[in-house]
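Take the sequence shown: its letters are residues -24 to -1, 1 to 452, numbered as in mature numbering (1 follows the signal peptide of the UniProt record, and there is no 0).
For each residue, glycine too, the CB sits at the ideal point set by N, CA and C.
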Amino acid sequence: MLFFGFHWCFSLFLTLGIPATLSGQDGFIKPQTEIGRSPGCKDNLFDNNDDDDDDDDDDDDDDDDDDDDDDDDDDDDDDDDDDDDDDDDDDDDDDDNNNNNNYTGQKLVGKLVKCNSSFHSDKRQEIFLKEDNHSLDVSVVATQVARDIFECIFKSLRNPFCLSLNVAAFKDATGQIRCDLLSSDKHRNPDDFKSNDSSHYLFIKSECLSSPCQNRGKCVPDYKRHRFHCNCTDGFKGKYCEKAVQKFHKSCKDVYNSPSSSVSNIVVALDLDSQKISVLCHMGDFGCGDGGWTPVMKIDGKRSTFHYDSNLWSNNETFNVDGGLTGFDSVETKLSTYWNTPFSTICLGMKVGQNLSFIKIDKTADSLMSLIADGKHRDTFLGRNTWKKLIGSQASLQYNCNMEGFNVVGAARQWSRARIGILGNNENDCGNCDSRIGFGTGGKHDNSSTCGNEALNNPADNGERHIKAMGFILIQ
């Protein structure tokens, strides 16, 4: 990567043999304002006719003594000859440089030293960096032709809307190169910066080169003030995007899909209907598929808290919200996610002893409460074998009825029923169902079992069962 700019002028003085004292304080050319005719410049900056080359090394001796006039006349004759020789030498050098596609611009630098005005009030004219065989595919502010890269740079500095350049890698038949002045730079449009054998890319050096922005923040240079700022990704702030922002998500799915996502379970603050609630988000695939899973309920089948007839199924009251901060344990809970969180998938889990099993229901709804609170039956089509996976090898159901879904209740209400689950019957109807697997259950033959598997053997496919499980309901 090469660099060009007003700080490169000092390097050119050393390379080309121009005294550094001409360049201003500390050996650097002072910022200029305008290319072309300006106060202090005799000729157009890009004019090939250099009338003023005879002041090369005598800038400090302008007021010579009158008694040296005769010598001066002789010297002028000699100087004329020398100037002719120098012009010939310069022409030869220019030809060589053109042939080699090297752009030195010695006369240009010499003239630039004599100019006192500036290009722009901003500070873009510091250092240009060059990326060989690359270009930036963005809007073109203007297209210019120039004799060399230096002239392209100077023309770009006349245009306040130019932030970088695409410069042709080769001169055309007239000895000119094409300069596309661009409206953006590679820092703002990194995806549009590509390899291109027919072009070189020039851009203004900035602090963005050191990639100061953290956590995938985008660095945007401010050329006018010699600064930069970072456009931070969601969830981060600070000058360098180094500070995490506590953002309140609507669901654990949102957390999982955020740039700062964690692949492990994490307690986060959810913003539900302007209420802040902390929950343990279950991340990844633990049996229902990948993603972020939001907890809704945990039901202990040995307790009556979530019996089918409990008001907790029809109201928007929470129960033991601290239970939402723990994992798949025996702590019951009902969170405001029951009525506040939309979803497209429900994850159901049951823990029997140390065995934990899950199934999922693909169902879209505004909330779980919207599927249950009104008491209406809503079908699912998982099949009896899928429901039995929740219990494992001990699961048992009678062969008939097989009503499943939400609010499953037979013709006789005092018999088996479930807020979410499946019913079985020995008779070829759903009248007096003697078996069930589900959540929020009740009825014969064990009305105290609120989550798990109940089955009478008259007959059932795996005998009589009375299994009280710990149930887990999550959504995504």
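What would DSSP say about residue i, mapped onto helix, strand or coil?
i           : result
Tyr232      : helix
Val328      : strand
Thr356      : coil
Phe282      : coil
Lys365      : coil
Gly351      : coil
Val297      : helix
Asp338      : strand
Asp305      : coil
Asp156      : strand
residue 453 : The structure shown does not extend to residue 453, since the chain spans only -24 to 452, so no value can be given for it.
Asp167      : helix
Thr426      : coil
Leu450      : strand
Leu246      : strand
Lys147      : coil
Asn241      : coil
Leu112      : strand
Lys444      : strand
Ser372      : coil
Phe319      : strand
Beta strand (DSSP E) containing residue i: first to last residue?
i           : result
Trp269      : 268 to 276
Leu256      : 251 to 259
Cys128      : Not the beta strand (DSSP E): Cys128 falls in the alpha helix (DSSP H), residues 125 to 133.
residue 453 : Here the chain covers residues -24 to 452 and nothing more, so residue 453 does not appear.
Thr417      : 411 to 418
Gln120      : 116 to 122
Phe382      : 376 to 385
Arg393      : 393 to 401
Leu105      : 103 to 107
Which term fits residue i, buried or exposed, when burial requires 16 or more other beta carbons within 10 angstroms of its beta carbon?
i      : result
Asn444 : Contrary to the premise, residue 444 reads as Lys rather than Asn in this sequence. Counting Cβ neighbours within 10 Å, Lys444 comes out buried, since at least 16 surround it.
Thr281 : buried
Gln452 : buried
Ser227 : buried
Ser174 : exposed
Pro197 : buried
Ala394 : buried
Arg389 : exposed
Ser187 : exposed
How far does the alpha helix (DSSP H) with residue i in it extend, from its first residue to its last?
i      : result
Thr313 : 313 to 316
Ser346 : 345 to 348
### Task
Could I get the ranges of all uninterrupted beta strand (DSSP E) runs contained in the stretch 171 to 233, with 3 residues as the minimum, in chain order?
175 to 180, 194 to 198, 203 to 207
### Query
Is the stretch 345 to 357 close to the stretch 276 to 292, with three or more CB pairs under 8 Å?
yes
#### Entry: Contact between the stretch 365 to 380 and the stretch 427 to 442 (3+ Cβ pairs under 8 Å)
yes
### Task
Would you be able to state if there are at least three C-beta pairs under 8 Å between the stretch 253 to 270 and the stretch 295 to 314?
yes
### Query
Can at least three beta-carbon pairs, one atom from the stretch 347 to 361 and one from the stretch 327 to 339, be found at a separation below 8 Å?
yes
### Message
With a threshold of 8 Å, are at least 3 pairs of Cβ atoms found where one atom belongs to the stretch 306 to 313 and the other to the stretch 423 to 435?
### Response
no
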